[in-house]
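Chemist:
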Amino acid sequence: MNISATDRQKDESPAVPAPKSPMGLVEIDSGRLTPLQWIERRMLSRPLIGPIAVLVLALIVFSIVSPNFGTLQNFSLILQQVQVIAMLGIAQTLVILTAGIDLSVASIMLLAQVVMGKLAVAVGLPVELALVLGILVGVACGAVNGLIVTRLNIPPFIATLGTLSIFYALNLFISDGESVPYAEVPPLFNWLGQGFQVFGTTFTFGQLLTILMFVLFAYILRSTAWGMHIYAVGDNLEAARLSGIRVNRVLMSVYIVAGLIIGVTAWLLIGRIGSISPTAGASYNLASITAVVIGGTSLFGGRGRIMGTLLGAVIVGVFSSGLSLAGFDNLWQEFTIGLLIIGAVAVDQRLRKIGR
Numbered sequence: 000m001n002i003s004a005t006d007r008q009k010d011e012s013p014a015v016p017a018p019k020s021p022m023g024l025v026e027i028d029s030g031r032l033t034p035l036q037w038i039e040r041r042m043l044s045r046p047l048i049g050p051i052a053v054l055v056l057a058l059i060v061f062s063i064v065s066p067n068f069g070t071l072q073n074f075s076l077i078l079q080q081v082q083v084i085a086m087l088g089i090a091q092t093l094v095i096l097t098a099g100i101d102l103s104v105a106s107i108m109l110l111a112q113v114v115m116g117k118l119a120v121a122v123g124l125p126v127e128l129a130l131v132l133g134i135l136v137g138v139a140c141g142a143v144n145g146l147i148v149t150r151l152n153i154p155p156f157i158a159t160l161g162t163l164s165i166f167y168a169l170n171l172f173i174s175d176g177e178s179v180p181y182a183e184v185p186p187l188f189n190w191l192g193q194g195f196q197v198f199g200t201t202f203t204f205g206q207l208l209t210i211l212m213f214v215l216f217a218y219i220l221r222s223t224a225w226g227m228h229i230y231a232v233g234d235n236l237e238a239a240r241l242s243g244i245r246v247n248r249v250l251m252s253v254y255i256v257a258g259l260i261i262g263v264t265a266w267l268l269i270g271r272i273g274s275i276s277p278t279a280g281a282s283y284n285l286a287s288i289t290a291v292v293i294g295g296t297s298l299f300g301g302r303g304r305i306m307g308t309l310l311g312a313v314i315v316g317v318f319s320s321g322l323s324l325a326g327f328d329n330l331w332q333e334f335t336i337g338l339l340i341i342g343a344v345a346v347d348q349r350l351r352k353i354g355r
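Residue numbers (numbering that gives the first Met the number 0): 0 to 355.
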């Protein structure tokens, strides 16, 4: 059988690979995708879709179950309950985006607020100076975490597990295990707990600060070189290093900025509870991680949105409030949050496989 030169050239020509999207995924004709595949690819390119869907569904269900749930007043109460966790979640998100984790966020927060109280109440320093020094304690603790991770090459989980105990012990030592009651707390420390009226509903300056911080860091992560470097380091550390990114400098800056955010959160905590306690919020480590995970940020780094963390914190608050108003015990609230965490991680694992 005779084969023409044209046919031979066609047979010997290399196969053309399927086109890829900017995210590295092979593009598939949308007409060939099943509904599940279509949803998965939308969630991969738009990480906020999942948290938004869960939040909207929860709001609808709980508004039907409990008439008092859907009020503006209840929404304000939910924001008050989750604002501290949400702020810690900003710091936690920065670290997790670099494929790390920070187990010491609550201990740093407690240490910072105790230093504020000790300097202002016991030592007698000007309140403004005590506030700034307390926030700088958070920065210093973040720098310590960064040095341990970058200089000693200790994995973030182990490094911050160790500093969790160290910072918490320092907190108890400085405070002597005693709280500063509301009557002795300087008014400036409680300012973030003060409120203002919106349509007859009270919102606090702490809630406003929390929202502004999320807007600020959403912009930073999406529109600055530093933000892009954070994603690059978390996605592939070696590739980031080979591309010229100074990985250790990025990691160090992330922990320092996280410490700064935690220091500000210490001020927010005082305004939230009205006093300075060496134990209040000690369990917020896992709560901050929960907000990040439910918000769609990958625990493996390199993927997620800071606004997802806000959604994650609000989702936790919505389920806690909704189940409480519906008459369920606290144990069912914990059970539901556990299911949400497992579900979020399972979805993340599935999306990572698709992303490959």
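Don't be surprised by glycine CBs; every beta carbon is placed ideally from N, CA and C.
#1: By a C-beta neighbour count over all protein chains shown, 10 Å radius and 16 as the cutoff for buried, is residue 50 buried or exposed?
#2: Examine the Cβ distances between the segment 286-296 and the segment 231-238 and report whether three or more of them are shorter than 8 angstroms.
#3: From residue 127 to residue 119, what does the alpha carbon distance come to, in whole angstroms?
#4: Leaving out five residues before and five after residue 335 in sequence, what residues of the same chain have Cβ atoms less than 6 angstroms from its Cβ?
#5: Please confirm if residue 249 has its CB atom under 8 angstroms from at least one CB of chain B.
#6: Ignore the nearest five residues each way along the sequence and tell me which others in residue 158's own chain have a CB closer than 8 angstroms to its CB.
#7: So, using beta-carbon positions, are residue 105 and residue 284 closer together than 8 angstroms?
#8: Where DSSP assigns a beta bridge to residue 202, which residues make up the other side?
#9: How far does the alpha helix (DSSP H) with residue 385 in it extend, from its first residue to its last?
#10: Select from 138, 253, 196 the residue whose C-alpha is nearest the C-alpha of residue 92.
#11: Have a look at residue 250 and residue 97 and give me their C-alpha separation to the nearest angstrom.
#12: Just grab the DSSP bridge partners of residue 179 for me.
#13: Can you give me the C-alpha to C-alpha distance between residue 302 and residue 294, rounded to a whole angstrom?
#14: Do the CB positions of residue 217 and residue 306 come within less than 8 angstroms of each other?
#15: Just to confirm the assignment, what range does the alpha helix (DSSP H) spanning residue 240 have?
#16: How is the alpha helix (DSSP H) around residue 50 delimited, first residue to last?
#17: Are there 16 or more other CB atoms within 10 angstroms of the CB of residue 32, so buried, or fewer, so exposed?
#18: In whole angstroms, give me the CA-to-CA distance for residue 167 and residue 87.
#19: If you compare alpha carbons, which of 286, 184, 220 is closest to residue 333?
#20: Just to confirm, are residue 316 and residue 80 a CB contact at a threshold of 8 angstroms?
#21: Could you tell me whether the Cβ atoms of residue 277 and residue 58 are closer together than 8 angstroms?
#22: Which ranges would you report for the alpha helix (DSSP H) in the segment 93-149 if only whole runs of at least 4 residues count?
#23: Note down, one range per segment and in chain order, each alpha helix (DSSP H) of at least 4 residues found wholly within the segment 210-264.
#24: Let's see if you can read the secondary structure: which residues bound the alpha helix (DSSP H) around residue 156?
#25: Is residue 68 helix, strand or coil when you go by DSSP?
#26: So, residue 321 versus residue 138, is the Cβ gap smaller than 8 angstroms?
Modeler: Taking the structure as given:
#1: buried
#2: No, they do not touch.
#3: Residue 127 and residue 119: Cα-Cα distance of roughly 9 angstroms.
#4: Closer than 6 angstroms at the Cβ level, and outside the excluded window around residue 335, lie 318.
#5: Of the protein chains in the structure, only one exists, and it is not chain B.
#6: Once the five neighbours on either side are set aside, the close Cβ partners of residue 158 are 144, 147, 148, 151.
#7: yes
#8: 195
#9: Since the first residue of the chain shown is 0 and the last is 355, residue 385 is not available in this structure.
#10: 253
#11: 7 angstroms
#12: 275
#13: Near 11 angstroms, if we compare the C-alpha coordinates of residue 294 and residue 302.
#14: yes
#15: 236-241
#16: 48-64
#17: exposed
#18: 16 angstroms
#19: 286
#20: yes
#21: no
#22: 104-116
#23: 224-234, 236-241
#24: 155-174
#25: It is coil, neither helix nor strand.
#26: no
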